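Position in the sequence shown (from 1) plus 60 gives the number in my numbering. The structure appears below as structure tokens.
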Amino acid sequence: MTEPMQPQTPVEVLDAFAPAAALGERICPFPREGDLRSRLEAARYLMAPMAGVTDAAYRLMARRAGAGLAYTEMVSVAGIHYGGETGGQKTWELVLPLDPEPDIAVQLFGSKPEQFREAASRVQERLQGRLALIDINMACPVPKVT
């Protein structure tokens, strides 16, 4: 007798346990029309960025629980800059949404304006229509980030 397959990916785990957690079956994209204020008002609930917490599995869970928008973990602009055009795989893993995520908000942190400019451009280029917004972290009190 073979044992049933255990869920392996974040999507499989979520699909397997979502009913028991009373999570929705689908994710609605963040509104694209209007100014940012009206888009945020329409979304009602957001999942904030949290260093070391907001990975893809957490974002998917939050979105299926009703969050209108989910953020990446805080992404270092220096990581994007020094990773080069093809490097920085670990940094890009923080940025790139999983297939079920219709869109994502990316929070950048750093200290050099020229690296912010470069990182914002590269994130926008790489995510294109799946980028809901870029947020610049300017006041996170967590020692790991500051």
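C-beta atoms are modelled at their ideal positions from N, C-alpha and C, and glycine is treated no differently. Keep in mind the model is a prediction, meaning the values are calculated, not measured.
How big is the Cα-Cα spacing for residue i and residue j?
| i | j | result |
| --- | --- | --- |
| A165 | Q66 | 31 Å |
| Q184 | R99 | 19 Å |
| A78 | Y142 | 39 Å |
| V71 | T132 | 17 Å |
| G126 | Y105 | 7 Å |
| I196 | A180 | 10 Å |
| S136 | E178 | 12 Å |
| A116 | L96 | 24 Å |
| L129 | Q149 | 24 Å |
| T114 | Q175 | 23 Å |
| L191 | D163 | 6 Å |
| L193 | R186 | 13 Å |
| A103 | C88 | 9 Å |
| E161 | Q188 | 13 Å |
Who are residue i's beta bridge partners in DSSP?
| i | result |
| --- | --- |
| L129 | L106 |
| D195 | Q167 |
| M121 | BP columns for M121 are empty, so no partner. |
| V135 | L168 |
If we count the other Cβ atoms within 10 Å of its Cβ and call it buried at 16 or more, is residue i buried or exposed?
| i | result |
| --- | --- |
| Q167 | buried |
| T151 | buried |
| T69 | exposed |
| A122 | buried |
| P203 | exposed |
| P173 | exposed |
| M107 | buried |
| M134 | buried |
| R92 | exposed |
| R124 | buried |
| F94 | Here residue 94 turns out to be Gly, not Phe, going by the sequence shown. Exposed: under 16 other Cβ atoms inside 10 Å. |
For residue i and residue j, which I take to be in contact (beta-carbon distance under 8 Å), what is that distance rounded to the nearest angstrom?
| i | j | result |
| --- | --- | --- |
| L74 | L120 | 5 Å |
Entirely enclosed alpha helix (DSSP H) segments - the region 148 to 192, minimum 4 residues | DSSP runs (the alpha helix (DSSP H)) wholly in the region 148 to 192: 149 to 155, 173 to 187.
Quick one: complete alpha helix (DSSP H) runs, 4+ long, within the region 62 to 98?
-> 70 to 77
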